[in-house]
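Step one of this worksheet: look at the structure below.
Residue numbers (my numbering), protein chains in the order written: chain A, 5 to 205; chain B, 43 to 449.
Encoded structure:
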């Protein structure tokens with residue numbers, strides 16, 4: 005038994021960084037700095053996922069959320085060329101609304117978190133003995149249509165019902181594709197003069 | 043390693059030391075390779091332009107030139123423009139550099155049952171791609187916070203370029219992932235054991251083109267000429283690093299050379315056999331199946347390490363060659379290359395490779411060679427975590443080919 009338990013240490017470190025920079029997002033007035041703090045906060049959340057052995061989810065967090073914030077940052081830079089937006093001011097009305105929404109969310113999350121029966125975590129010996137399972141294969145199998153975690157489900161009908169997420173996944177991706185094409189269509193510059201037939205709408 | 047060390051020192055210290063060793067090795071690799079590559083770039087560009095390149099500093103070939111440069115850069119004043127966002131300006135080079143180094147965490151340098159890799163991730167390829175995409179953050183922050191038009195233009199170009207080139211690059215990476223049936227880089231590398239005919243680049247015509255598209259996109263995503271619009275000297279002074287000087291400036295360059303190396307090694311692992319040389323030297327010498335921890339195993343792994351590094355260096359040399367051969371593209375040409383050529387080609391190659399894999403499973407070298415006829419066997423070690431997914435393919439991949447098979 006050693007004196008420092010590293011997983012706990014890193015959990016505290018990452019969650020601390022995430023919380024501090026989340027506050028930074030809230031308190032900062034410069035939009036680019038906000039985006040930067042958001043990136044650090046989200047990246048340390050990815051660190052928490054890696055700590056939990058969820059490589060795939062962690063990499064996903066980095067790619068989607070942090071990469072998405074990148075686009076946000078670009079828009080921030082593009083929009084802040086006007087002086088008006090460089091320093092953001094929030095009116096008191098916005099504060100009140102934001103406070104209420106935030107508190108409602110906090111209440112819901114807190115209720116859900118403390119509603120878990122076995123809230124107390126594993127003690128240290130048990131935690132050290134747990135073999136962290138790799139996450140990608142079950143995830144991929146789930147998308148392909150086989151839930152490896154449900155293979156020993158006794159009820160035949162139930163097992164078929166939980167066959168996987170392929171259909172949902174496809175629906176969502178087609179939906180996103182439609183949204184993308186629509187966005188591209190709407191954003192396209194409409195040239196009325198000087199264009200060839202191909203350019204004209 | 044931590045478990046081994048903890049027999050001798052306190053366990054908490056053992057974990058720390060084990061982590062430090064990995065990180066230290068990676069940082070050293072990136073920093074030293076940057077030193078070598080900068081020197082190499084000068085020499086190669088010199089030769090291409092019919093010059094000698096550096097010749098004076100440190101003996102015959104001027105091989106201490108970069109070190110002299112480093113000393114000069116350390117001595118320079120650390121400037122920060124007046125209108126700059128000081129905090130972001132200072133931190134931007136480190137963001138780039140950290141992203142560049144973090145990619146090496148999940149890159150394997152030798153395979154087998156106990157691969158030489160800092161952190162064996164189940165989704166290694168995905169992690170490396172995700173982290174390499176973050177390097178652009180430093181560039182955008184630098185461009186924004188410098189309070190200079192040139193920097194901002196450079197950063198916006200870089201952002202547009204990198205975000206678009208991630209799409210075809212991701213598609214290209216999916217092809218070897220699909221053929222190997224795993225996101226684990228160690229599994230992908232060991233799938234290509236044996237002669238060079240087993241390399242995924244020669245798997246079918248589609249992978250050959252995919253490798254070429256991947257390399258193009260890789261070059262664009264690490265911001266190398268002819269895609270180096272973010273720093274286009276002829277138009278933007280020096281682009282995003284116009285306002286930087288001294289050590290902070292050199293951090294950007296270490297990050298760039300580090301990512302070049304990372305992209306090349308990723309290409310080597312995905313398409314060019316990774317730690318398996320063109321000729322299976324380790325199998326011929328009988329080192330391949332050696333017990334982990336023995337001297338033979340260490341030797342085999344060291345040969346693998348040399349293979350990976352050599353392939354990485356060859357990739358970087360190729361990038362240097364391209365840089366000093368082709369002129370810089372315009373920004374609209376860069377975007378056209380990505381959206382009109384790379385993305386459709388990558389998508390078509392992905393479909394083609396899928397059909398090939400569906401029609402002709404278990405064959406390599408453009409389908410002429412069945413994988414199963416083999417004398418040499420790979421060490422039993424590598425775990426097929428995806429056996430249930432592609433059992434047949436995995437099993438045939440366990441055997442490697444011989445000279446008879448090639449005929």
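For every residue, glycine included, the Cβ atom is placed at its ideal position computed from N, Cα and C. Note that this is a predicted model, so its numbers are computed, not measured.
Where residue i meets chain A, residues with beta-carbon distance less than 9 Å
i: residue 155 of chain B; result: Correct list: empty, because the minimum Cβ distance to chain A is about 16 Å.
i: residue 192 of chain B; result: Under the 9 Å cutoff, chain A gives no residues; its nearest Cβ is about 14 Å from residue 192 of chain B.
Contact under 7 Å by Cβ, residue i with residue j
i: residue 165 of chain B; j: residue 147 of chain B; result: no
i: residue 295 of chain B; j: residue 391 of chain B; result: no
i: residue 231 of chain B; j: residue 158 of chain B; result: no
i: residue 180 of chain B; j: residue 196 of chain B; result: no
i: residue 151 of chain B; j: residue 297 of chain B; result: no
i: residue 253 of chain B; j: residue 243 of chain B; result: yes
i: residue 131 of chain B; j: residue 299 of chain B; result: no
i: residue 224 of chain B; j: residue 282 of chain B; result: no
i: residue 304 of chain B; j: residue 145 of chain B; result: yes
i: residue 55 of chain A; j: residue 14 of chain A; result: yes
i: residue 63 of chain A; j: residue 172 of chain B; result: yes
i: residue 175 of chain B; j: residue 114 of chain A; result: no
i: residue 93 of chain B; j: residue 373 of chain B; result: no
i: residue 51 of chain A; j: residue 104 of chain A; result: no
i: residue 217 of chain B; j: residue 395 of chain B; result: yes
i: residue 397 of chain B; j: residue 239 of chain B; result: no
i: residue 388 of chain B; j: residue 213 of chain B; result: yes
i: residue 322 of chain B; j: residue 236 of chain B; result: yes
i: residue 307 of chain B; j: residue 346 of chain B; result: no
Neighbouring residues, chain B, relative to residue i (Cβ below 9 Å)
i: residue 74 of chain A; result: 175, 176, 178, 179, 182, 201, 204, 205
i: residue 173 of chain A; result: Result: empty, since nearest Cβ-Cβ is about 16 Å, beyond 9 Å.
Span separating the alpha-carbon of residue i from that of residue j
i: residue 187 of chain A; j: residue 205 of chain B; result: 17 Å
i: residue 291 of chain B; j: residue 128 of chain B; result: 15 Å
i: residue 171 of chain A; j: residue 43 of chain A; result: 32 Å
i: residue 450 of chain B; j: residue 366 of chain B; result: Residue 450 of chain B falls outside the range modelled here, since chain B spans only 43 to 449, and no answer is possible.
i: residue 167 of chain B; j: residue 410 of chain B; result: 28 Å
i: residue 311 of chain B; j: residue 97 of chain B; result: 35 Å
i: residue 72 of chain B; j: residue 119 of chain A; result: 48 Å
i: residue 258 of chain B; j: residue 362 of chain B; result: 13 Å
i: residue 81 of chain B; j: residue 90 of chain B; result: 14 Å
i: residue 143 of chain B; j: residue 301 of chain B; result: 8 Å
i: residue 120 of chain B; j: residue 137 of chain B; result: 17 Å
i: residue 188 of chain B; j: residue 75 of chain A; result: 19 Å
i: residue 87 of chain B; j: residue 107 of chain B; result: 15 Å
i: residue 50 of chain B; j: residue 182 of chain B; result: 46 Å
i: residue 98 of chain A; j: residue 368 of chain B; result: 54 Å
i: residue 114 of chain B; j: residue 288 of chain B; result: 8 Å
i: residue 55 of chain B; j: residue 67 of chain B; result: 18 Å
i: residue 14 of chain B; j: residue 59 of chain A; result: Since the first and last residues shown for chain B are 43 and 449, residue 14 of chain B lies out of range.
i: residue 184 of chain A; j: residue 293 of chain B; result: 37 Å
i: residue 208 of chain B; j: residue 85 of chain B; result: 31 Å
i: residue 49 of chain A; j: residue 22 of chain A; result: 6 Å
i: residue 189 of chain A; j: residue 180 of chain A; result: 14 Å
As assigned by DSSP and simplified to three states, the class of residue i
i: residue 265 of chain B; result: coil
i: residue 233 of chain B; result: coil
i: residue 365 of chain B; result: helix
i: residue 132 of chain B; result: helix
i: residue 385 of chain B; result: helix
i: residue 21 of chain A; result: helix
i: residue 125 of chain B; result: coil
i: residue 206 of chain B; result: helix
i: residue 96 of chain B; result: coil
i: residue 400 of chain B; result: helix
i: residue 191 of chain B; result: helix
i: residue 73 of chain B; result: helix
i: residue 320 of chain B; result: coil
i: residue 246 of chain B; result: coil
i: residue 339 of chain B; result: helix
Bridge-paired residues (DSSP) for residue i
i: residue 112 of chain A; result: None; residue 112 of chain A has no bridge partner.
i: residue 158 of chain B; result: B/152
i: residue 240 of chain B; result: Partner(s): none; residue 240 of chain B has no beta bridge.
Listed by chain order, chain A residues near residue i by CB distance under 7 Å
i: residue 172 of chain B; result: 63, 66, 67
i: residue 163 of chain B; result: 59
i: residue 169 of chain B; result: 59, 63
Within chain B, the residues that residue i reaches when beta carbons sit closer than 7 Å
i: residue 71 of chain A; result: 175
i: residue 40 of chain A; result: 130, 183
Check: residue i C-beta below 6 Å from any heavy atom of the ligand NAD
i: residue 49 of chain A; result: Annotation note on the ligand NAD: not contained in the displayed structure, which lists no ligands.
Chain A contact residues for residue i, given Cβ-Cβ distances below 8 Å
i: residue 265 of chain B; result: Within 8 Å Cβ-Cβ: nothing; residue 265 of chain B doesn't reach chain A, min ~15 Å.
Under 8 Å by beta carbon: chain B residues contacting residue i
i: residue 36 of chain A; result: 127, 130, 183, 186, 187
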